[in-house]
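Please read the structure below before turning to the comments.
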Amino acid sequence: MIDIHNHLLPGIDDGAADVDTSIKLAKIAVTDGITHLVCTPHIHLGRHDNTISTIAAAKQVFEGALREHGVDLQIATAAEVRFDTEWMPDVAAGSVPMLGQWQGKKVLLLEFPHGAIPFAAEQLTAWLIARDIVPMIAHPERNKGLLAKPSKLKPFLEQGCLLQLTAGSVAGRFGKPVRKFAAELLEQGLVTVLASDAHNINHRPPILTEGLAATVEIIGEEAAHKLVQDNPWQIAECHF
Ligand SMILES: [Fe+2]
22 MIDIHNHLLP GIDDGAADVD TSIKLAKIAV TDGITHLVCT PHIHLGRHDN TISTIAAAKQ
82 VFEGALREHG VDLQIATAAE VRFDTEWMPD VAAGSVPMLG QWQGKKVLLL EFPHGAIPFA
142 AEQLTAWLIA RDIVPMIAHP ERNKGLLAKP SKLKPFLEQG CLLQLTAGSV AGRFGKPVRK
202 FAAELLEQGL VTVLASDAHN INHRPPILTE GLAATVEIIG EEAAHKLVQD NPWQIAECHF
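Heads up, the working numbering is the position in the sequence shown plus 21, with the first residue counted as 1.
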């Protein structure tokens, strides 16, 4: 399996605090059957001010440690980019990391504020799409604004935005309403990728199998496996 949303890079956001933790998390991922990771640290202006260079430096540390510890895990990097208009010039200049490619277009992993979808957010997603960048909305099932009013997703879906669910949401780790919303999105065929969004060992580990098993129950074996293998590979293959 390939996990294209997680916070395993050491010391650059609210995920793995140091490289020892990154290695422990990497071992958990490998045990779960994950062979490839696209590490996606937050780019959240004012909170996690990551850039291509901070991400590349953390990747180098992580890669060295993986080799040293003999952990057989292929890694690449992108970012989980928090909704903001201030990074628009950086996107235009090509200095915001992309998650990969989908049907000939670039993919940006986009995170909305957890409490609500910002007013007129679809103008920013339309701006991205006009530049051949498809936003992949990170964990819509956990967004309080969307949970309260799922129809708010409609304009983004009509634009062609992709959806990434957190595997743990389908398994019930974020409560019943989140699980129910995740199941509805799966049943409607609106989900492109399941990812771990792993942050730490105890509460949010890099585990996909639990969510995958729950997803199989909802949409069947073949469709569920596409969400952790074929689709994420299609997006991220360009990195490996
Ligand atoms: Fe995340």
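Ideal Cβ placement from N, Cα and C applies to all residues, glycine included.
Work out the CA separation of residue j and residue i for me, nearest whole Å.
i, j, result
"residue 36", "residue 219", "7 angstroms"
"residue 254", "residue 62", "19 angstroms"
"residue 72", "residue 230", "31 angstroms"
"residue 88", "residue 29", "15 angstroms"
"residue 85", "residue 77", "12 angstroms"
"residue 210", "residue 92", "35 angstroms"
"residue 132", "residue 104", "6 angstroms"
"residue 58", "residue 99", "10 angstroms"
"residue 94", "residue 56", "5 angstroms"
Let me confirm a value: residue i is counted as buried when at least 16 other C-beta atoms fall within 10 Å, else exposed. Which label applies?
i, result
"residue 110", "exposed"
"residue 175", "exposed"
"residue 164", "buried"
"residue 124", "exposed"
As a quick exercise: from the options, pick the residue whose alpha carbon is nearest that of residue i.
i, options, result
"residue 75", "53, 49, 34", "34"
"residue 248", "152, 168, 32, 183", "183"
"residue 9", "157, 241, 244", "A query on residue 9 cannot be resolved here, the shown segment of the chain reaching from 22 to 261 and no further."
"residue 143", "48, 181, 122, 250", "181"
"residue 198", "149, 117, 169, 216", "169"
"residue 118", "47, 233, 65", "65"
"residue 79", "39, 244, 237, 240", "39"
"residue 244", "227, 256, 208", "208"
"residue 96", "108, 141, 50", "50"
"residue 24", "147, 240, 233", "233"
Could you check what DSSP says for residue i in three-state terms: helix, strand or coil?
i, result
"residue 24", "strand"
"residue 194", "coil"
"residue 166", "helix"
"residue 226", "coil"
"residue 212", "coil"
"residue 144", "helix"
"residue 239", "helix"
"residue 123", "strand"
"residue 258", "helix"
Margin query: Considering only heavy atoms of ligand 1 and the C-beta of each residue, which residues fall inside 5 angstroms, strictly closer?
Written below: 101, 218
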